[in-house]
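S.K.:
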Amino acid sequence: MSLTAPSSTGAAVSLHLVPVRSRTAREYVATWHRHHQPPIGQIFSVGVADTDGVLRGVAIVGRPVARHLDNGQTLEVTRVATDGTRNACSMLYAAAWRASSALGYTRLITYTQAGESGSSLRAAGWRVLAQRPARPGWTTPSRPRHQLGTEHMPRTLWEAS
């Protein structure tokens, strides 16, 4: 799939999907993601590049973080990061769903934080499933956790359709 879209500078950029290895996807997320580090694991990743072969964004898809959603038929887009090239995010979300369903998965979810519009998800055909309240954190007396800086943030749960 390819797409011509204006770049962050306004010039037209032709985008196409590219395979991305795990290490490359993780490095891209570490460089470009606004508020998260790369996830630990993944099932697959996909990238979007311009006609010069410059990687403009990546999506990392893995098992659902929430144990109760990890039923063997569901995957979660755990990270999407771009350099700001327009339409790259929506292209990645759409590709992630096509790849997931081609692999036999029946459900693909992701989350956005409060303040993120979800316009790329809507453009890719995703729908809101639920609004999740802010959590105080994941630390419990039996399992202390490090604070990540995103603990007190309401989230929106999305599903590909």
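Residue numbers (the working numbering): 20 to 180.
We put the CB at the ideal spot given by N, CA and C, even for glycine.
Take Gly66 as the anchor and find which of Arg45, Arg82 and Tyr130 has the nearest alpha-carbon.
M.R.: Arg45
S.K.: What does a CB cutoff of less than 8 Å around Gly81 pick up in its chain, not counting 5 residues either side in sequence?
M.R.: These residues qualify, in order along the chain: Pro58, Gly60, Gln61, Ile62, Leu94, Glu95 and Thr97.
S.K.: Can the beta-carbon of Ser120 be found less than 7 Å from the beta-carbon of Ala143?
M.R.: Cβ distance not < 7 Å, so Ser120 and Ala143 don't count as in contact.
S.K.: By Cβ distance below 7 Å, which residues in the same chain neighbour Gln92 in space, the five residues on each side in sequence not counted?
M.R.: Tyr124, Thr125 and Arg126
S.K.: Take Ser21 and list the residues in its own chain whose beta-carbon comes closer than 7 Å to its own, dropping the five residues that flank it on each side.
M.R.: Caution is warranted here: a pLDDT of 49 is assigned to Ser21, below 50, making its placement in the model unreliable, and no coordinate value can be reported.
S.K.: Rounded to the nearest angstrom, how far is the Cβ of Gly153 from that of His165, given a contact under 8 Å?
M.R.: It should be noted that the sequence gives Ala, not Gly, for residue 153. With a contact defined as Cβ atoms closer than 8 Å, Ala153 and His165 miss out at about 18 Å.
S.K.: Can you check whether the CB of Val73 is closer than 7 Å to the CB of Tyr47?
M.R.: no
S.K.: Going along the chain, which unbroken runs of the alpha helix (DSSP H) with 4 or more residues stay wholly within the region 74-114?
M.R.: none
S.K.: Below 8 Å on the Cβ atoms is my guess for Arg174 versus Arg151; work out the distance and round it to an integer in Å.
M.R.: Yes, Arg174 and Arg151 are in contact; Cβ-Cβ is about 4 Å, under 8 Å.
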